[in-house]
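Peer 1: Once you've had a glance at the structure underneath, I'll fire off some questions.
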Amino acid sequence: MEIILPFLIGILFASGLYLILHRHFFKLILGLMLFSLGTNLFVFVIGRLTRGGSPIIDKTAETATVPYADPVPQALLLTAIVIGLGIQAFAIVLIKRVYQSFNTNDLDELRNAELIEH
Amino acid sequence: MLLATIVRLPVTYAAPIMQRIPGRQLLVPAALLPLVLFAYFCTYLSEIISGKTFSFAYSWVPELNINLAFYLDGLSLFFALLISGFGVFIMVYSAEYLRGHPLLNRFYLYLSVFMLSMLGLVLADNLICLFIFWELTSISSYLLIGFSHDNPVSRSSALQALLVTGLGGLALMTGMILLGNVGGTYTISELLTRGELVKSHPLYLPALLLILLGAFTKSAQFPFHFWLPNAMAAPTPVSAYLHSATMVKAGVYLLARFTPVLGGTEVWQYTLVTIGAITALLGALLAVQHIDLKAILANTTISSLGVLMIMLGIGTPAALEALLVFILAHALNKCALFLITGNIDHATGTRDFKVLYGLALNMRPTAVAATMAALSFAGMVPFLGFISKEMLYDATLGAGKAGFLIFSIVFISKVVAILIAIIIGYKLFWPRVSEPTPIHHPCGLNLTIPPMVMASAALAFGMLPGIMATPLIQSALAPIAGKTLFIELKIWHGLSLGLINSIMTFILGTLVYTVHSRIIEFSPRLTPLYNYGPNSIYQFFVTGLVKGSSKLISIIQSGYVRSYISAIVLTMVGLVALSLWNKVPLLNLTQEIKMLHDVRLYELVLLFLILPGLFFLFKTHSRLIAIAIMGIIGYSVALFYILFGAPDVAATQLLIETLTVVLFVLVLHRLPPFRFISHKSKRYKYILISALFGAMMTYVVLLVKQYPLHSELKQFYGDNSYLQGHGRNIVNVILVDFRGFDTLGEITVLAVAAIGIVALLRLRLEKGGKR
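Top to bottom, those sequences are chains A and B. Residues 49 to 166 (our numbering) are what the first sequence spells out, left to right. Residues 87 to 857 (our numbering) are what the second sequence spells out, left to right.
The following block contains the structure:
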């Protein structure tokens, strides 16, 4: 599996970036989501993969028994995922507001946002 | 010297007070300042003439060799007296010339600033200090040329002068630093004794060329001469003071000052003589084509500056002597002529000599001054101009091989001078005409006395050269020549070659005068030629710079987010490719291929959930389907986490995906249909960029995985989370115990996002309403 995940990461990054490069707000958000999925997997894979072996110490032991997965990337991921949610939620609400205010879904039309009377 | 420095401070700080004084009363302090300085420098005369020098230094930034150091010797004193002496008359003159001008106070302030900077320039004993004063004169010149700031021509001329001299200033600074490093000192008076050391150094040539560039731009030498005629947009007193008597001679002063250090080499001689000759000839030829008196005078000034450069280039004692006498004579004559032009302009409202007739009838004092100044300018006995001209001729003829060529150029310059002198000294004033040009404003004493005094001074210097000029010139000559030379200025050399040449010049000048009107008629035909002149090149560069920058900005800052993102991504890909190229870490794929056997079936199932998902995501037109697909992809990734020993991450991911889908549906279901706004022509470009980026990330992951990972942290947390943190789930212990503060930060971020969302939802942007 270690050989397939890098390619999956590449595909996720590429599709995310392609969607981000679109003018449409909705696609922009989808792109951001794919991009953050890719980033999370990237960190996870860089920390090396271990099948099974959750980083949980047995009830009988005082220290973790090998093999167990590296807990540090997981801790990082947890933080990243939660903060990603914050960003996504904010972005979703933001485009809703932008649509209500400027009546557009097009990123390019926002260039003239300063000129729009509101 | 101390006084000169100290006096600077109150003048600067007095600006707000000066602003309050009405213009008329301001004349007293404004004229008193140069007068006091003049008297102060005069007190040094006797000691300087006897060969003493004075220096004064104040440490400013000693670490960088920048000191406020001043040095007074014959050459500095010569220039200091010129600057302060002319300053008095210019101040007096300006009081009437600009009477009632609302910004007269400002004018006086600029002029005083200029005068003090110019004094600082000629007195400076430190290279950097000299450079600072040099730039200050450029800046005050800019302010004075642009004094009529509501006139666009004044503004662009001022900017042009600043850009050209400022460019030279930059070159000068570089040259100064090179010179300072080569000579091992930044103190000029020390540097003067190290000429041999500097001249034999390999950096001598670049330093020399840079310093020459600075001097040439300041002294309006070809091809930088064009700023000087344009600088005539300044009020006439400024043209007289800055652009004929003092500032444009700063370059000459600089080169004269550095003659013992830099001068005497072949490069020095050839460059100065060639550039000076071109400039002298060009100025003379341009001068005969104009009808505006100020333009004529500006071009003859260019010609004279060229002659001064030639003298510096020749560098023989005779040439240097001629240089100093010519500086004095030129300052007196040209300044007087400029002021007379100012008087004519003031009185009649025009400077076009073709429409000016019989002015002597109503402007007799000015007419007398004009004739005297013109006689001196033409080099007539017994004015100083005559002595100066004879000396110039002698110096050029004694200049060796190219002597005759140089002589003929100076000769042409002088012929034009005679032509101009006939026009200003005779034609405008004396011929009897039935209808003299009407006078609107009579000229008061303030306007007539300064040119009169200057012309009389030229006469006095010419009549009594032995008493008045010789000692000063002699003491000024010593620092340039490097040794004391005994000179004798005489009005009568006997029936020498110089005299014959003078007579020839006069005859030829008169002849040119008779055909002058034809030259003027012919000159418009030369206009196409000027389209390729340096002035046009300057305009081309300036407009090109402005246009080019706006074009560059419109490319770099397109305003499209996707352009910025593309640029960032491409830069990153490029940098990664570059570092991979340099280090060449090889990717060992054989090992990776073996690992293909290790893939389990259920892992492949997840993969085949994601890939078609992505495919349909690009195809769909329905927002709801897109959201559902995002959910599927997110869940699949969460399952990966479970498979590889990260149940906590997986749980979080599942929760988050669910939440996101819910949020999407709640918020976005009321938006309009999923329009396709795509950019078909550019789609392939973006596909390419995305593919490149994805490939790079894949490559990086593969490469990183090739090297073993030594994680001490994993070991540490594995050993200590139960014993120290008393939790069995290591990830949880890290989050809430070991890195508790980080988690607090994370929560803060979430809270901020939540506040932002609430604010956005509550925001009501109504027309004119409160936010």
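For each residue, glycine too, the CB sits at the ideal point set by N, CA and C. Given the structure is predicted, the values throughout are model-derived calculations rather than measurements.
Whose Cβ in chain B lies nearer than 7 Å to the Cβ of L80 (chain A)?
Peer 2: Under the 7 Å cutoff, chain B gives no residues; its nearest Cβ is about 11 Å from L80 (chain A).
Peer 1: Does the structure place the segment 117 to 128 of chain B close enough to the segment 168 to 176 of chain B that three or more beta carbon pairs sit under 8 Å?
Peer 2: Flag = yes, the segment 168 to 176 of chain B and the segment 117 to 128 of chain B touch.
Peer 1: What residue ranges within the segment 509 to 564 of chain B form continuous alpha helix (DSSP H) runs of no fewer than 4 residues, ordered along the chain?
Peer 2: As far as the segment 509 to 564 of chain B is concerned, its whole alpha helix (DSSP H) runs of at least 4 residues are 531 to 549, 551 to 554.
Peer 1: Alpha carbon to alpha carbon, how far is A422 (chain B) from E521 (chain B)? Give it in angstroms, no decimals.
Peer 2: Computed Cα separation, rounded: 27 Å.
Peer 1: Can you give me the C-alpha to C-alpha distance between T139 (chain B) and A455 (chain B), rounded to a whole angstrom?
Peer 2: Spanning the two alpha carbons is a distance of roughly 37 Å.
Peer 1: Do A116 (chain B) and Y194 (chain B) have their C-beta atoms closer together than 7 Å?
Peer 2: In contact: A116 (chain B) and Y194 (chain B) (Cβ atoms closer than 7 Å).
Peer 1: If the cut is a Cβ gap below 7 Å, which residues of chain B does F138 (chain A) touch?
Peer 2: The contacting residues are A839, G842, I843.
Peer 1: Helix, strand or coil: which one does DSSP assign to F626 (chain B)?
Peer 2: F626 (chain B): helix per DSSP, three-state reduction.
Peer 1: Check whether chain A comes within 7 Å of V787 (chain B), counting only Cβ atoms and requiring the distance to be less than that.
Peer 2: Taking Cβ atoms only, chain A reaches closer than 7 Å to V787 (chain B), which makes this a yes.
Peer 1: Leaving out five residues before and five after T223 (chain B) in sequence, what residues of the same chain have Cβ atoms less than 7 Å from its Cβ?
Peer 2: Correct list, in chain order: F200, S203, M204, L207, M333, A336.
Peer 1: Look at the alpha carbon of T829 (chain B) and the alpha carbon of S640 (chain B), and state the distance between them as a whole number of angstroms.
Peer 2: Answer to the nearest angstrom: the Cα atoms are 43 Å apart.
Peer 1: Locate the alpha helix (DSSP H) running through F412 (chain B), then write down its first and last residues.
Peer 2: First-last of the alpha helix (DSSP H) with F412 (chain B): 403 to 434.
Peer 1: Across which residues does DSSP place Y144 (chain B) in a beta bridge pair?
Peer 2: Its beta-bridge partners are B:L154.
Peer 1: Assuming L161 (chain B) contacts A342 (chain B) (C-beta within less than 8 Å), just tell me the rounded distance between them.
Peer 2: Confirmed, Cβ separation roughly 6 Å.
Peer 1: Residue ranges of each alpha helix (DSSP H) run of no fewer than 4 residues wholly in the segment 630 to 714 of chain B, ordered along the chain?
Peer 2: You should have 647 to 669, 675 to 680, 687 to 705.
Peer 1: How long is the line joining the alpha carbons of A732 (chain B) and A712 (chain B), rounded to whole angstroms?
Peer 2: When rounded, the distance between both Cα atoms is 27 Å.
Peer 1: Here's the rule: buried if 16 or more other CB atoms are within 10 angstroms of the residue's CB, otherwise exposed. What is E182 (chain B)?
Peer 2: E182 (chain B) comes out buried.
Peer 1: So, helix, strand or coil for D154 (chain A), using DSSP?
Peer 2: Strand, per DSSP.
Peer 1: Note down the Cα distance separating A247 (chain B) from I297 (chain B), rounded to an integer number of angstroms.
Peer 2: So the alpha carbons of these two residues sit roughly 18 Å apart.
Peer 1: Look at the alpha carbon of W516 (chain B) and the alpha carbon of A453 (chain B), and state the distance between them as a whole number of angstroms.
Peer 2: For W516 (chain B) and A453 (chain B), the distance between alpha carbons rounds to 8 Å.
Peer 1: Going by other Cβ atoms of all chains shown within 10 Å of its Cβ, with 16 needed for buried, is P524 (chain B) buried or exposed?
Peer 2: P524 (chain B) comes out exposed.
Peer 1: With three or more beta-carbon pairs closer than 8 Å as the criterion, would you say the segment 355 to 375 of chain B touches the segment 318 to 325 of chain B?
Peer 2: Verdict: no, contact absent.
Peer 1: Within the continuous alpha helix (DSSP H) that includes Q375 (chain B), where are the two ends?
Peer 2: Element bounds for Q375 (chain B): n/a, residue is neither H nor E.
Peer 1: The alpha helix (DSSP H) spanning Y479 (chain B) covers which residue range?
Peer 2: Unbroken alpha helix (DSSP H) run through Y479 (chain B): 470 to 483.
Peer 1: Closest by CA to V496 (chain B), which one among B:L425, B:T427, B:T386, B:A562?
Peer 2: Here the closest residue by C-alpha is B:T386.
Peer 1: Just to confirm, is the Cβ distance from A408 (chain B) to S389 (chain B) under 7 Å?
Peer 2: No, the pair does not count as a contact, with Cβ atoms beyond the cut-off.
Peer 1: Measuring only between beta-carbons, confirm whether G300 (chain B) sits less than 7 Å from chain A.
Peer 2: No, G300 (chain B) does not count as interfacial toward chain A.
Peer 1: Check whether the Cβ of A777 (chain B) lies closer than 7 Å to any Cβ atom in chain A.
Peer 2: Closer than 7 Å: yes.
Peer 1: Which residues, in order along the segment 79 to 99 of chain A, keep a beta-carbon less than 8 Å from a beta-carbon of chain B?
Peer 2: Answer set for the segment 79 to 99 of chain A: M81, L82, L85, G86, N88, L89, F90, F92, V93, I94, G95, R96, L97, T98, R99.
Peer 1: In or out: F61 (chain A) buried (at least 16 other Cβ within 10 Å) or exposed?
Peer 2: So F61 (chain A) ends up on the buried side.
Peer 1: Which residue or residues does DSSP assign as beta-bridge partners of N212 (chain B)?
Peer 2: N212 (chain B) pairs with B:T273.
Peer 1: My guess is that A137 (chain A) and I843 (chain B) are in contact by the Cβ rule of under 8 Å, so how many angstroms apart are they, rounded?
Peer 2: Going by Cβ atoms, the distance from A137 (chain A) to I843 (chain B) rounds to 6 Å, so yes, they are a contact pair.
Peer 1: Rounded to whole angstroms, what's the CA-CA distance from K576 (chain B) to A404 (chain B)? Just pull it up for me.
Peer 2: Rounded to whole angstroms, K576 (chain B) to A404 (chain B) spans 14 Å at the Cα level.
Peer 1: Does the distance from the C-beta atom of I715 (chain B) to that of F702 (chain B) stay below 7 Å?
Peer 2: Their beta carbons are under 7 Å apart, which means I715 (chain B) touches F702 (chain B) by this criterion.
Peer 1: Would you say K800 (chain B) reaches chain A, if we count a Cβ-Cβ gap shorter than 7 Å as a contact?
Peer 2: For K800 (chain B), the answer is yes, since a Cβ of chain A falls inside 7 Å of its Cβ.
Peer 1: Please identify the residue among B:D211, B:E607, B:L113 whose C-alpha is closest to the C-alpha of L858 (chain B).
Peer 2: Given that chain B is displayed from residue 87 to residue 857, the structure contains no residue 858 (chain B) and the question cannot be resolved.
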